[in-house]
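Asker: Under the working numbering, the first residue of the sequence shown carries the number 38, and numbering increases by one thereafter.
Structure provided below as structure tokens; questions to follow.
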Amino acid sequence: MTVGIPLLQVRDLTVGFGGRPVVAGVSFDLGAGERVALVGASGSGKTLTTLALLGLLPADAVVTGSVRVGGTEVVGAAERELRPLRGPVTALVPQDPGTSLNPQVRVGRQVAAPLRRAGVRRSAAAARAAELLAEMRLPAGSGRRFSVQLSGGQRQRAALALALAAGPRLLVADEPTSALDATAQHGVLAVLGRATRERGAGLLLVTHDLAAAATTCDRVLVLAEGHLLADGPLREVLAGHAHPAVRALVEATAALSPPVLVGAR
Ligand SMILES: Nc1ncnc2c1ncn2[C@@H]1O[C@H](COP(=O)(O)OP(=O)(O)OP(=O)(O)O)[C@@H](O)[C@H]1O
Ligand SMILES: [Mg+2]
């Protein structure tokens with residue numbers, strides 16, 4: 038990557054359907070190895086923002102502005118230009134992990150596939166896949182199962198292992214632990230934070246839970262009705278939550294899990 042250009046540069050990103058903007062003029066940067074939370078109420082535009090980063094918006098979405106990943110423009114790019122970016126540069130864990138896992142292929146083999154594509158030999162890729170699944174805290178032997186034989190939370194963690202297997206410079210994870218209870222969520226997010234930190238990968242973590250953001254990320258972006266209301270260190274955003282939408286998020290989170298927020302870094 039060219040020195041001085043952030044890993045991800047989003048400028049005045051707007052996504053609309055039938056003339057109705059649902060993401061409105063969003064701009065932010067994400068540097069190499071930075072871990073950033075994207076938070077906001079349901080329907081605030083979090084998922085559409087992440088899909089725009091990979092050029093995966095539905096065909097009827099009208100998108101303007103600019104998204105540069107490692108210097109490559111994504112908005113308006115042809116599918117053949119985007120395909121090489123997906124996985125090794127930007128890997129997405131979608132909100133519904135069912136969409137990234139193939140029900141007909143054993144989970145371990147799916148996690149090994151990006152390694153095989155990168156030239157790793159079959160046995161080494163299989164061993165590495167098993168390690169990745171263990172790192173995401175899946176029980177031993179999960180790799181031999183099909184995704185339908187895993188619980189919802191296990192599927193989400195398998196999807197995280199699959200995304201990490203591609204060795205992305207930026208991992209985009211859309212509510213990757215929503216199927217877990219609060220305690221398990223924080224555990225998996227802490228593991229995810231460590232996994233990206235150890236690999237020097239950036240992380241954009243979508244959540245509507247500020248407490249979850251606090252365990253994993255240093256910086257937070259707050260979306261409300263498609264607009265970016267706040268962008269800054271988690272502590273500052275939490276302390277200076279003048280906007281009612283940010284205040285509502287903080288209050289909702291505090292009601293759920295006060296100890297985590299007290300310990301927020
Ligand atoms: N394909 C679509 N066509 C029309 N409108 C859409 C489409 N997809 C999403 N929207 C609308 O865009 C807005 C933002 O949706 P988005 O999925 O990004 O929300 P979100 O912040 O991810 O919410 P959640 O926390 O519930 O996942 C919502 O009002 C939604 O109804
Ligand atoms: Mg969403």
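From the three backbone atoms N, C-alpha and C, an ideal C-beta is built for every residue, glycine too.
(1) Starting from ALA261, trace the beta strand (DSSP E) in both directions and tell me its first and last residue.
(2) Does any heavy atom of ligand 2 sit closer than 8 Å to the C-beta of GLN147?
(3) DSSP on PRO213, reduced to helix/strand/coil?
(4) Cβ of ALA177 less than 9 Å from any chain C Cβ?
(5) For a minimum of 4 consecutive residues, which ranges assigned as the alpha helix (DSSP H) are wholly contained in the segment 69–100?
(6) Comparing the CB of GLY82 with every heavy atom of ligand 1, is any distance shorter than 8 Å?
(7) Once the 5 residues before and after VAL111 are set aside, which same chain residues still bring their CB inside 6 Å of it?
(8) May I ask which residues mark the beginning and end of the beta strand (DSSP E) holding VAL52?
(9) Can you check which of these residues, ARG182, GLY145, VAL259, MET173, is closest to THR86 by C-alpha distance?
(10) Who are the Cβ neighbours of ARG48 in its own chain at under 7 Å, not counting the five residues just before and after it?
(11) Under a Cβ-count criterion, where at least 16 other Cβ atoms within 10 Å of its own Cβ denotes burial, should GLU239 be classed as buried or exposed?
(12) Would you tell me roughly how many angstroms separate the C-alpha atoms of ALA98 and GLY107, rounded to the nearest one?
(13) Look up ARG57 in the DSSP assignment and say whether it is helix, strand or coil.
(14) Under a Cβ-count criterion, where at least 16 other Cβ atoms within 10 Å of its own Cβ denotes burial, should ALA155 be classed as buried or exposed?
(15) Using a threshold of 8 Å, is the CB atom of GLU262 nearer than that to any non-hydrogen atom of ligand 2?
(16) May I have the straight-line CA-CA distance separating SER79 from ARG234, to the nearest angstrom?
(17) DSSP state of ARG182, grouped into three classes?
(18) Checking the sheet assignment: what are the DSSP bridge partners for THR127?
(19) Less than 8 Å between the CB of LEU258 and some heavy atom of ligand 1, yes or no?
(20) Below 7 Å CB to CB, which residues in the same chain sit around PRO43 once its five sequence neighbours on both sides are set aside?
(21) With a cut-off of 8 Å on the beta carbons, I'd call ALA262 and VAL243 a contact; round off their distance for me.
Answerer: According to the structure shown:
(1) From DSSP, the beta strand (DSSP E) with ALA261 extends over 256–261.
(2) no
(3) coil
(4) This model lacks chain C altogether, as it is built from one protein chain only.
(5) Those alpha helix (DSSP H) runs which fall completely within the segment 69–100 and span 4+ residues are 83–90.
(6) Yes; taking the cut-off as 8 Å, the Cβ of GLY82 has a heavy atom of ligand 1 nearer than that.
(7) GLY92, VAL104
(8) 45–54
(9) VAL259
(10) SER64, GLY102, SER103, listed in sequence order.
(11) A small fix is needed here, since residue 239 is Gly in this sequence, not Glu. The residue is buried, with at least 16 neighbouring Cβ atoms inside 10 Å.
(12) 24 Å
(13) strand
(14) exposed
(15) no
(16) 28 Å
(17) coil
(18) ARG123, LEU207
(19) no
(20) ASP66, LEU67, GLY68
(21) Reading off the sequence shown, one finds Glu at residue 262, where the question assumed Ala. No, GLU262 and VAL243 are not in contact; Cβ-Cβ is about 16 Å, not under 8 Å.
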